[in-house]
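Residue numbers (the working numbering): 11 to 219. First up is the structure itself, then whatever we jot down about it.
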Amino acid sequence: MLLLSDPSVAAVPVHDLGEPLVDVRELGLALDHRKADPQGSWARVREGVGRRLVRAQQLLPEGFSLLVVECHRPAALQQRYFDEHCAELAATRPGRNAEQVAIEASQHISPPGVAPHPCGAAVDLTLAVDGRELDLGTRVNATPDESDEACFTAATNVPAEAHRLRDVLGAAMSGAGLVNYPPEWWHWSFGDRYWATVTGAPAALYAPI
Ligand SMILES: C[C@@H](N)C(=O)N[C@H](C)C(=O)O
């Protein structure tokens, strides 16, 4: 499983396309408020990501819709989340050094230097039917510890129906050109360094914004 902390991700150059951020609600997508912030960052993605989300929604089976939870995240917030998660892990893993803790933390929160959310390149989302959120086996943003790693996209310790729904989500999102972060079934991105590493693109398309 390629982690965001892998040196190959940080080695990818970035040639920013200069696209603005767009509000996913203006694209006709459903947005959940659990990660809402006063500035409205959580609702915005780069234009090219927004186009692909609209395509992903079209690729879903009849009756299903995407339920967007979090998009852009300011760099300072990413740093805070990462520092807090490292502190939590360090407290429960005595004997691990800071580098080992940071690598494990990157299963759940990206190291700030390569983080896709501050670039407007990533989206955390799930599925809904008639506006009702579906159960994909864990809550969105479950940690590996709390979920016994059931948050991993390919986890086998989830009910068969949750597995099937992850496949439904995955087919639409991959079909629209986004890539998944394997430790998190809900995290998808396009145009960031992780996406470039996985797809073999020569450069990432979006820098932090
Ligand atoms: C925890 C989740 N919301 C998240 O955003 N994780 C990824 C890896 C990130 O920080 O980019």
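Note that CB positions come from ideal geometry on N, CA and C, so glycine has one too.
Own chain, CB closer than 7 Å to residue i, minus 5 neighbours either side, in chain order
i: A112; result: S15, C96 and P121
i: Y91; result: I119
i: A138; result: A40, S75, L77 and L144
Per-residue burial, residue i [other beta carbons within 10 Å of its own, 16 or more giving buried]
i: A131; result: buried
i: D93; result: exposed
i: M6; result: Here the chain has residues from 11 to 219 only, and residue 6 is not among them.
i: A115; result: buried
i: S167; result: The question names Ser, but residue 167 is Asn in the sequence shown. The residue in question, N167, is exposed, as its Cβ has fewer than 16 Cβ neighbours within 10 Å.
i: T136; result: buried
i: E80; result: buried
i: Q110; result: exposed
i: E194; result: buried
i: P218; result: buried
i: G50; result: exposed
i: G38; result: exposed
Extent of the continuous beta strand (DSSP E) run through residue i
i: H197; result: E194 to S199
i: Y191; result: V189 to Y191
i: V134; result: Here the sequence assigns Asp to residue 134, which means Val is not the residue at that position. It spans A132 to V139 - the beta strand (DSSP E) in which D134 sits, taken as one unbroken run.
i: V220; result: The first residue shown for the chain is 11 and the last is 219, placing residue 220 beyond what the model contains.
Residue i to residue j span [Cα, whole Å]
i: P169; j: G28; result: 42 Å
i: L77; j: G105; result: 40 Å
i: R149; j: T163; result: 12 Å
i: G201; j: L87; result: 20 Å
i: R142; j: R44; result: 15 Å
i: D177; j: A100; result: 34 Å
i: A160; j: H197; result: 14 Å
Contact set for residue i: own chain, Cβ-Cβ below 8 Å, skip 5 residues either direction
i: D140; result: G73
i: T207; result: L12, D16, S18, V19 and V22
i: G185; result: R65, A66 and L69
i: A181; result: L69
Alpha helix (DSSP H) segment containing residue i, residue limits
i: D177; result: A170 to G185
i: L76; result: Premise fails: L76 lies in the beta strand (DSSP E), F74 to E80, not in any alpha helix (DSSP H).
Same chain, Cβ closer than 6 Å to residue i, neighbours up to 5 away in sequence not counted
i: D33; result: A53 and R54
i: L179; result: L137
At least 3 beta-carbon pairs within less than 8 Å: the stretch 17–37 vs the stretch 196–214: yes
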